[in-house]
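Q: Residue numbers (this note's numbering), protein chains in the order written: chain A, 14 to 346; chain B, 25 to 208; chain C, 26 to 125.
C-beta atoms are modelled at their ideal positions from N, C-alpha and C, and glycine is treated no differently.
Pasting a structure here, questions to come.
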Amino acid sequence: MAALWNDPNVQLVFWALVKILIILHVMLGVVSYMIYAERKIAGHMQARVGPNRVGPFGLFQPIADVAKLFFKEEFTPDGANKVIFHIAPMLAVIPALVTFAVVPFGPQDALRVTDINVGLLLFLAMSSLGVYAITLGGWSSNNKYALLGGLRSSAQMISYELAMGLSTIGVLLMAGSLSLVDIVHAQERWWFVVFQPVAFLIFMITALAETNRAPFDLPEAEAELVAGFHTEYSSMKFGLFFLGEFANVISISCIAVTLFLGGWNGPWLPESLQFIWFFIKLGALLFFFIWIRWTFPRLRYDQLMNLGWKVLLPLSLANILFTAVLLYWRDHR
Amino acid sequence: MTPALFIGFAAMLVACSLMVILHRNPVTSALFLVLAFCSLAGVYLLLHAEFVAMVQIIVYAGAIMVLFLFVIMYLNLRRDLESGVHIAVRRGVGWLLGALLLAEAWVLFGHRWAQGPLASDPSLAGPVGNTQAIGQALYTRYLFPFEITSMLLLVAMVGAVVIAKGRGPHATRRGETPQPKEPA
Amino acid sequence: MIPLSWMLALSAVVFVIGVIGVLVRRNALIIFMSIELMLNAANLAFVAFARSLGSLDGQIFVFFVMTVAAAEVAVGLAIIVNVFRLKETVYVDEINLLKG
């Protein structure tokens with residue numbers, strides 16, 4: 014037993030599992046309180062109070078919501094493809110959770126699950142897998158509105174993924190590494206948002222589109238498509254879609270903090286507490302996501318495609334060219 | 025641990041590939057193909073080709089297969105009908121030819137071809153990874169083929185748009201809405 | 026350490042599955058997927074040989090194969106959509122007339 018415990022492979026797997034367990038549970042808590050925050054902020058933006066009945070300031074509202082979701086009827090529509098109908102909500106959560114494997118929360122090894130040399134590519138790969146949940150959920154429901162939502166999302170997410178991938182290349186050129194830890198280390202003096210403001214802007218806009226948040230929530234556009242891809246989903250399956258959306262928002266915000274806002278870097282705090290900076294920046298970005306949602310109206314579909322293909326994509330290509338030329342000039346002056 | 029992982033990924037790859045060609049529902053086939061590509065990415069990781077593995081997931085699983093799914097949903101294909109004598113005959117011949125090809129590969133391997141272990145060259149599996157080396161080679165030695173592929177993609181893009189737009193009687197030009205007839 | 030022949034055997038098996046798919050199925054989309062399987066089997070052999078010979082050239086060829094696959098899928102799916110509009114079918118044995 015002791016020999017097995019001292020095996021480095023076993024140790025590696027054990028500690029990775031412990032960290033995954035911690036991240037999973039913290040994530041669940043953060044997501045439920047982010048939903049509370051969203052409702053509260055939305056309330057105040059619309060001159061209401063927001064949820065305030067369950068517990069002090071409505072703080073127990075998320076618990077009540079989850080309990081309600083659990084006790085709802087689980088409904089599978091007639092003519093639905095049963096297996097895919099059940100798998101789709103799981104697919105919504107998994108890619109978002111996998112992304113957390115490469116996010117460095119702090120400078121210490123204990124504060125990250127792993128550091129791989131293609132960390133950024135893993136994030137892009139997972140965000141490209143995220144489209145399956147919505148597309149399949151919409152298709153397998155055997156419902157016109159759901160199918161329309163699914164088709165919309167597959168076109169939308171593929172279009173915006175390109176601009177998102179290209180907007181990170183400016184950062185890659187400056188950091189010279191695909192490892193997220195190296196990218197954060199490269200930002201010790203200046204955050205990359207200073208040198209790459211255009212890329213940051215493009216990344217945030219595409220992040221909104223990739224997570225299907227307003228003003229890009231066309232796959233669920235309640236005014237035209239009832240509820241879009243999750244029209245037929247009820248109970249905890251709907252809850253999983255909800256969880257997936259917010260987990261995606263959090264993971265993409267983590268990546269944005271890592272790439273553009275200097276990760277854990279920040280003044281005043283000693284190295285052992287620098288992870289606090291990471292969470293402050295993360296909180297600011299999450300607030301930004303909620304703020305956008307309750308400020309902008311939804312785009313029309315042709316406006317969405319025009320913005321993606323005719324504005325964001327050329328702009329991100331121009332940004333890459335500009336960055337590359339500047340870097341070349343700096344090195345070969 | 026590596027052989028066990030390899031056997032796991034290989035078994036998943038073969039099983040998923042078989043399901044791709046055996047399942048009657050095109051959407052399920054496409055999903056099994058996605059799974060097959062992901063397990064292939066796992067095999068690439070075992071071969072220390074991290075960059076290729078990630079690009080495999082981004083390009084194949086994230087883009088090409090979404091396109092497939094999009095078309096299957098757009099055409100609203102449900103289950104394939106496969107019955108009738110001539111279809112059965114053709115299927116028999118197909119499996120026979122496939123078995124023949126596999127037997128050929130078996131004989132080749134039996135004759136001590138492709139021996140030896142996978143070399144573990146330290147220059148390929150260093151801690152910085154091979155992304156930089158691939159980039160260097162791609163933009164120096166392989167610059168011309170690289171530019172050719174960009175032309176290929178451009179041509180394919182134009183071709184796809186032209187073909188998909190169609191020239192049938194129902195085709196309308198983009199941005200041109202059919203005008204309502206003026207009352208006479 | 027995994028022997029090279031295991032990788033090549035895996036590649037051969039996947040390639041054969043792709044060939045059988047092309048021969049057996051009549052849905053043009055499944056035939057396309059089988060072609061993708063064959064291309065991926067070739068990619069696996071490329072990467073395995075790149076590892077075994079200690080050279081990156083095999084991995085670079087994988088990129089070119091992927092580019093060709095992407096181009097092929099884009100054009101091929103456009104053709105399938107067009108054929109479906111004309112004939113209302115994606116079964117290759119029902120598309121046997123040159124006349125539109």
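1. DSSP on residue 347/A, reduced to helix/strand/coil?
2. If you run the structure through DSSP and keep just helix, strand and coil, what is residue 52/C?
3. So which residues on chain C does residue 53/B lean against when the C-beta distance must stay under 7 Å?
4. Write down the C-beta distance between residue 193/A and residue 132/A rounded to the nearest angstrom, noting that I regard them as a contact closer than 8 Å.
5. Exposed or buried, which one is residue 283/A when buried takes at least 16 other CB atoms within 10 Å?
6. For a minimum of 4 consecutive residues, which ranges assigned as the alpha helix (DSSP H) are wholly contained in the segment 255-318 of chain A?
7. Whose Cβ in chain B lies nearer than 7 Å to the Cβ of residue 131/A?
8. Mind checking who residue 116/C pairs with in its DSSP beta bridge?
9. Between the alpha carbons of residue 242/A and residue 93/B, how many angstroms are there, rounded?
10. To the nearest angstrom, how far is the alpha carbon of residue 104/A from that of residue 169/A?
11. Along the chain, where does the alpha helix (DSSP H) containing residue 152/A start, and where does it finish?
12. Can you list the alpha helix (DSSP H) stretches of 4 or more residues lying completely in the segment 68-133 of chain A, in chain order?
13. Between the beta-carbon of residue 151/A and the beta-carbon of residue 163/A, is there less than 9 Å?
14. Hey, how far is the Cα of residue 277/A from the Cα of residue 57/C?
15. I need the DSSP call for residue 26/B, collapsed to helix, strand or coil.
16. By a C-beta neighbour count over all protein chains shown, 10 Å radius and 16 as the cutoff for buried, is residue 175/B buried or exposed?
17. Can you look up residue 71/B in the DSSP assignment and give me helix, strand or coil?
18. Within 10 Å of its beta-carbon, does residue 59/C have 16 or more other beta-carbons around it, so buried, or fewer, so exposed?
19. Keeping to the same chain, check which residues put their C-beta closer than 7 Å to that of residue 244/A; ignore five residues upstream and five downstream.
20. Our contact map puts residue 272/A next to residue 181/A with C-beta atoms below 8 Å; I'd like the distance itself, whole angstroms only.
21. Using the rule of at least 16 other Cβ atoms within 10 Å of the residue's Cβ for burial, across every protein chain shown, is residue 201/A buried or exposed?
22. Can you tell me the Cα-Cα spacing of residue 61/C and residue 173/A, whole angstroms?
23. Short of 8 Å in beta carbon distance, which residues of its chain neighbour residue 115/C, apart from the five on each side in sequence? Order them along the chain.
24. Assuming residue 189/B is part of the alpha helix (DSSP H), what are its boundary residues?
25. Do residue 75/A and residue 250/A have their C-beta atoms within less than 9 Å of each other?
26. Three Cβ pairs or more, each shorter than 8 Å: is that satisfied between the segment 28-39 of chain B and the segment 73-80 of chain B?
27. Using a beta-carbon distance below 9 Å, is residue 197/B in contact with chain A?
28. Do residue 117/A and residue 139/A have their beta-carbon atoms positioned less than 9 Å apart in this structure?
29. Please determine if the segment 44-61 of chain A and the segment 122-129 of chain A are in contact, where contact requires at least 3 C-beta pairs separated by less than 8 Å.
30. If the cut is a Cβ gap below 7 Å, which residues of chain B does residue 138/A touch?
31. Any contact between the segment 300-315 of chain A and the segment 215-231 of chain A? By contact I mean 3 or more CB pairs, one from each, below 8 Å.
32. Check each residue of the segment 75-91 of chain C: if its Cβ is closer than 8 Å to any Cβ of chain B, include it; give the result in chain order.
A: In brief:
1. With chain A covering 14 to 346 only, the question about residue 347/A has no answer from this structure.
2. strand
3. Ordered by position in chain C, the residues that pass the 7 Å Cβ test against residue 53/B are 55, 58.
4. 4 Å
5. Result: exposed.
6. 288-306
7. 74, 75, 78, 153, 155, listed in chain order.
8. Within the DSSP secondary-structure output, residue 116/C pairs in a beta bridge with 52/C.
9. 15 Å
10. Taking the CA atoms as reference points, residue 104/A sits about 18 Å from residue 169/A.
11. 144-153
12. 74-84, 95-112
13. yes
14. 47 Å
15. helix
16. exposed
17. Coil.
18. buried
19. The beta carbon of residue 244/A sits closer than 7 Å to the beta carbons of 154, 156, 158, 159 from its chain, once the five residues preceding and following it are set aside; these are given in chain order.
20. 6 Å
21. Counting Cβ neighbours within 10 Å, residue 201/A comes out exposed, since fewer than 16 surround it.
22. Those two C-alpha atoms are separated by around 25 Å.
23. 52, 53, 54, 105, 108, 109
24. 167-189
25. It is not a contact, given that the beta carbons lie outside the stated cut-off.
26. Output reads no: the segment 73-80 of chain B does not touch the segment 28-39 of chain B.
27. Residue placement at residue 197/B is flagged as unreliable, the pLDDT there being 48, under the threshold of 50; the coordinate-derived value follows with that caveat. No, because no Cβ of chain A sits closer than 9 Å to the Cβ of residue 197/B.
28. no
29. Counting C-beta pairs with one atom in each stretch, the segment 44-61 of chain A and the segment 122-129 of chain A have fewer than three that are closer than 8 Å, which means they do not touch.
30. 78, 81, 82, 86
31. yes
32. 75, 76, 77, 78, 79, 81, 82, 84, 85, 87, 88, 89, 91
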